[in-house]
Each structure stands twice: as C-alpha cells, then as structure tokens.
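Undergrad: What follows is a single structure, and I will ask about it in a moment.
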Amino acid sequence: MAATAMNAGPSGASLGSEGEIQMTDVSDGAGFVTRRGSFRAAHVAEQNIEQQAFILDQMAGRPAIRTLKAWALDQLAPAAGETAVDVGSGTGEDVVAFAASGARAIGVEPSPGLRAEAVRRAAGADVEYVDGHAEALPFADASVDVLRCERVLQHIDDPTPVVKEMARVLRPGGRIALIDTDWATAIVHPADPGVLQRMVDYFLHETANPYSGRRLRGLLADAGLEITGETAATMIEAQDGARQGFVAMMHLTALQAGVITEAEAETFARTLAEAADRGAFHLSLTMYAVSAVKP
Ligand SMILES: C[S@@+](CC[C@H](N)C(=O)[O-])C[C@H]1O[C@@H](n2cnc3c(N)ncnc32)[C@H](O)[C@@H]1O
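Here the sequence shown stands for residues 2 to 296, numbered as in the numbering used here.
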C-alpha cells in the first residue's frame, strides 16, 4: 500500500489559543526566524510548510537528534504486525522507519501541509498519515503496540492529560518513547550576560512548555507507565551557526518583541560572528528521551 493521508481523527481538541505567532520570514540572508507557536496545532492555518520542513530537516540532520531517534527506535523495537504510532509526525521520517520493521505505521499530525509533505516524501512506503491531535488520539483504548512523540510536548501548554491520553491507547505491554528539548539548557557564548538573560527569559516565557525535557519522566510515571530507559544528547552548533539558525532566531525575535534594543541585537550578532571567525563561538542545547512500558 502506498502512503496515505486520511482525515481519520477527531479535530478541534482543546488547544492553547492565545497569541498569533506563526512562521515569519525575517531572513538574515542565511537563516530563518521562528516565533512562538510555529509548530502549535492551533496555528496550522498560518504556517509556512516550506519553512517548517526546512527547520525540521535542519534539526533532523544534527547528530544529537539522530542519536535520540535511533535510541527511541531501539527501545521501541516495533515488530511486524504491530501497530506503531508517531504523534506529531511532521515530515514523517520516523513513520517510515516504523514501517521498515513491518509494523503498521501511522503518523498523527494536525497540519495538513505537513501530512501532504510526509506523503510526498514517503513515496511508496507502507505508511498512513492521519489528521489528529495528541490531546484526543484517533485510536481505541489499548489498540496501539508502540508509540513515539518527539519535540511535540514543548508546543503544548498542559502535557499531563496528553501523556495520559497516550497511555490510554497503548495496550498492556505496549512501549512508548518521548523525546523533547529542555530550553533552560541553552548556552550561548560569548554574549553580554544581561542582554542574553533578557533574550532567554523572553524565549522561555513565550514557549508553551519550555522545560519539557526534564518533565518527560514524571509525565510517564504519572500516567501509570513503568520507565524502561532514559538518555540525553546535546546539540552543539557548528561555527557557521553563529550567523543563522538559532542565533538569528534569538536576536531578531527578541528585537521584534522589544526586549532588546537594535544596538544590543547588532552587538549580539557581531560578537558571535567575530567569535566564530576565530573558532570561539559556542551554542548548545540538550534534549532528553525517556522510554516506558504500560503494565
Ligand atoms: C518540532 S515538530 C517535530 C516533528 C517530528 N516529531 C520530528 O521529530 O521531526 C512538532 C510537530 O508536532 C506537531 N504538533 C503540534 N501540536 C500538536 C498537537 N497538539 N498534537 C499533535 N501534533 C502536534 C506539529 O504540527 C509538528 O509536526
């Protein structure tokens, strides 16, 4: 069977609705700017799929993400005939990886544009992409053998009922893996500490669930699941990252929001670019993964 996209799930689940942020094309010539909510389900109508796919591809190419994706697949070990679900499947690569094991592989994704992109990329793989939200998964109780959810919970205001919803659809003995960033682990150097702090505070405040990484374990335990493994991986930005990506996002977004001045933004960008020219730029961010089983 070829890849399919279906409107199989309930939509209109209760989602955070404040804020109007969407992908905003404020290019610095090399990068992109993403503002709060760029991946929030409530903003699917405003999203720029090309830019989202670009960001997801950039992230998916980083060794830390590759490590965590491989770790989760190893923990979950989907088998032929099992039903394996990726919640918030984006461009769909992890659904294709599930299908390679012979499992029935399903991606749940609220963005029609990302579902269409996932179908295009799956090109002949035996996968399904369905409309749905993590808050109300389109599956019966105890009907899923394997479930993964990567870098989605950070975009959800209240992840507690969402992880309970994941536990609902898992069958007894079913496996789950959650992966997410903890934005408090972001380190940028060199930068004026006061300016950096204002930018970081703003960014943390504007992210729906910025400390998601450290919460994964407790969310699974509180949903009645037994933890089977945990790991972490730190993304370290290359020197050319000083002029694009996260750095561009940080200072341009903070400038737009008015939490730093134009002069501070210019100094921030110049300081990091000059540091990179002598090989002294540092930006790192840690992501966590936790696996569990339903008793
Ligand atoms: C940062 S992307 C990660 C995509 C994919 N998991 C990956 O690893 O590349 C976040 C994804 O979660 C989806 N998403 C956002 N809110 C969601 C929700 N409430 N339920 C399900 N998916 C959601 C977005 O549309 C997007 O595809």
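Just so it is clear, CB atoms sit at the ideal spot from N, CA and C, and this is done for glycine as well.
With C-beta atoms as the reference, is M167 less than 8 Å away from V88?
TA: On the sequence shown, position 166 is the one that residue 167 refers to. On the sequence shown, position 87 is the one that residue 88 refers to. Yes, these two residues count as a Cβ contact at 8 Å.
Undergrad: Please go through the same chain and pick out, in chain order, the residues whose beta-carbon is closer than 6 Å to the beta-carbon of G103, but skip the five residues on each side of it.
TA: On the sequence shown, position 102 is the one that residue 103 refers to. The residues are A81.
Undergrad: Report the rounded CA-to-CA distance for V145 versus I107, giving the unit in angstroms.
TA: Here residue 145 refers to the residue found at position 144 of the sequence shown. Here residue 107 refers to the residue found at position 106 of the sequence shown. Their backbone Cα atoms lie some 10 Å apart in a straight line.
Undergrad: How far does the alpha helix (DSSP H) with G246 in it extend, from its first residue to its last?
TA: Taking the first residue of the sequence shown as 1, we reach residue 246 at position 245. G246 to A258 is the span of the alpha helix (DSSP H), which, as asked, contains G246.
Undergrad: G91: buried (16+ other C-beta within 10 angstroms of its C-beta) or exposed?
TA: For the purposes of this step, residue 91 is taken as the residue at position 90 of the sequence shown. Result: buried.
Undergrad: How would you label A78, buried or exposed, when you count the other beta carbons within 10 angstroms and need 16 or more for buried?
TA: Within the sequence shown, residue 78 is the residue found at index 77, counting from 1. Its Cβ having fewer than 16 others within 10 Å, A78 is exposed.
Undergrad: Report the option in P64, G93, F55 and V291 whose CA atom is closest to the CA atom of T229.
TA: Position 228 of the sequence shown, counting from 1, holds the residue named residue 229. Ranking P64, G93, F55 and V291 by Cα distance to T229 puts V291 first.
Undergrad: Let me know the secondary structure DSSP gives I22 once reduced to three states.
TA: In the sequence shown, the residue the question calls residue 22 occupies position 21. Note that I22 scores a pLDDT of 27, beneath 50, so its modelled location is shaky and nothing firm can be said.
Undergrad: Given D183, which residues of its chain have a CB within under 7 Å of its CB, disregarding the five upstream and five downstream residues?
TA: Position 182 of the sequence shown, counted from the first residue, corresponds to residue 183. Within the same chain, D183 has close Cβ partners Y212, S213, G214, R215, T287 and Y289.
Undergrad: If we call anything under 8 Å between Cβ atoms a contact, is R176 one with V147?
TA: Within the sequence shown, the letter at position 175 stands for residue 176. Within the sequence shown, the letter at position 146 stands for residue 147. In contact: R176 and V147 (Cβ atoms closer than 8 Å).
Undergrad: Use the C-beta contact count for A73: other C-beta atoms within 10 angstroms, 16 or more gives buried, fewer gives exposed.
TA: Residue mapping note: residue 73 aligns to position 72 of the sequence shown, counting from 1. A73 is buried by the Cβ-count criterion.
Undergrad: Please look up how many angstroms separate the CB atoms of V153 and A119, rounded, as I've assumed it's under 8 Å.
TA: Here residue 153 refers to the residue found at position 152 when the sequence shown is read from its first residue. Here residue 119 refers to the residue found at position 118 when the sequence shown is read from its first residue. About 14 Å separates the two Cβ atoms, so there is no contact after all.
Undergrad: Since A234 sits in a beta bridge, which residues does DSSP pair it with?
TA: For this step, residue 234 is matched to residue 233 along the sequence shown. BP columns for A234 point to M288.
Undergrad: How would you call R105, buried or exposed, if buried means at least 16 neighbouring beta carbons within 10 angstroms?
TA: Counted from its first residue, the sequence shown places residue 105 at position 104. Classification for R105: buried.
Undergrad: Could you check if P160 is buried or exposed, using at least 16 other CB atoms within 10 Å of its CB as the buried criterion?
TA: For this step, residue 160 is matched to residue 159 along the sequence shown. Buried, because 16 or more other Cβ atoms sit within 10 Å of the Cβ of P160.
Undergrad: In terms of residue numbering, what span does the beta strand (DSSP E) encompassing I188 cover?
TA: For the purposes of this step, residue 188 is identified with residue 187 of the sequence shown, where counting begins at 1. That run of the beta strand (DSSP E) goes I188 to H190.
Undergrad: Can you have a look at I237 and say buried or exposed, based on whether 16 or more other CB atoms are within 10 angstroms of its CB?
TA: Taking the first residue of the sequence shown as position 1, residue 237 is located at position 236. It is exposed - the Cβ of I237 has fewer than 16 other Cβ atoms within 10 Å.
Undergrad: Taking only the alpha-carbon atoms, compute the straight-line gap between A65 and A243 and give it to the nearest angstrom.
TA: If you number the sequence shown from 1, residue 65 lands on position 64. If you number the sequence shown from 1, residue 243 lands on position 242. Going from the Cα of A65 to the Cα of A243 covers about 18 Å.
Undergrad: On the criterion of 16 or more Cβ atoms from any shown chain inside 10 Å, does A71 qualify as buried, or is it exposed?
TA: Numbered from 1 along the sequence shown, position 70 holds the residue referred to as residue 71. Classification for A71: exposed.
Undergrad: Measure how close the beta-carbons of R149 and D132 come, nearest whole angstrom, since I'm counting them as under 8 Å.
TA: Numbered from 1 along the sequence shown, position 148 holds the residue referred to as residue 149. Numbered from 1 along the sequence shown, position 131 holds the residue referred to as residue 132. With a Cβ gap of about 18 Å, R149 and D132 do not count as contacting.
Undergrad: Output the distance between the C-alpha atoms of I56 and T254, rounded to the nearest integer angstrom.
TA: The sequence position of residue 56 within the sequence shown is 55, counting from 1. The sequence position of residue 254 within the sequence shown is 253, counting from 1. Answer to the nearest angstrom: the Cα atoms are 16 Å apart.
Undergrad: Specify the secondary structure class of G214 as computed by DSSP and reduced to three states.
TA: For the purposes of this step, residue 214 is taken as residue 213 along the sequence shown, with counting starting at 1. Helix.
Undergrad: Taking all protein chains shown into account, decide if G246 is buried (16 or more other Cβ within 10 angstroms of its Cβ) or exposed.
TA: Here residue 246 corresponds to residue number 245 of the sequence shown, with the count starting at 1. Buried, since its Cβ has 16 or more Cβ neighbours within 10 Å.
Undergrad: Is it the case that the Cβ atoms of T272 and P191 are separated by a distance below 8 Å?
TA: Here the question's residue 272 lines up with position 271 in the sequence shown. Here the question's residue 191 lines up with position 190 in the sequence shown. The criterion of a C-beta distance shorter than 8 Å is satisfied by T272 and P191.
Undergrad: If you draw a straight line from the alpha carbon of S285 to that of A54, how long is it in whole angstroms?
TA: Locating residue 285 in the sequence shown gives position 284, counting from the first residue. Locating residue 54 in the sequence shown gives position 53, counting from the first residue. Going from the Cα of S285 to the Cα of A54 covers about 22 Å.
Undergrad: Whose CA, out of Y130, I157 and L179, lies closest to the CA of L226?
TA: What you label residue 226 is simply residue 225 of the sequence shown in a count that begins at 1. Comparing Cα-Cα distances from L226 to each of Y130, I157 and L179, the minimum goes to L179.
Undergrad: Going by Cα to Cα distance, which pick from Q59, E83, V164 and H156 is closest to L221?
TA: Residue numbering aside, residue 221 sits at position 220 when the sequence shown is read from its first letter. The residue with the shortest Cα to Cα distance from L221 is V164.
Undergrad: What is the DSSP secondary structure of S177, counted as helix, strand or coil?
TA: For the purposes of this step, residue 177 is taken as the residue at position 176 of the sequence shown. The residue asked about is misnamed: residue 177 is Ile in this sequence, not Ser. Here I177 sits in strand by DSSP.
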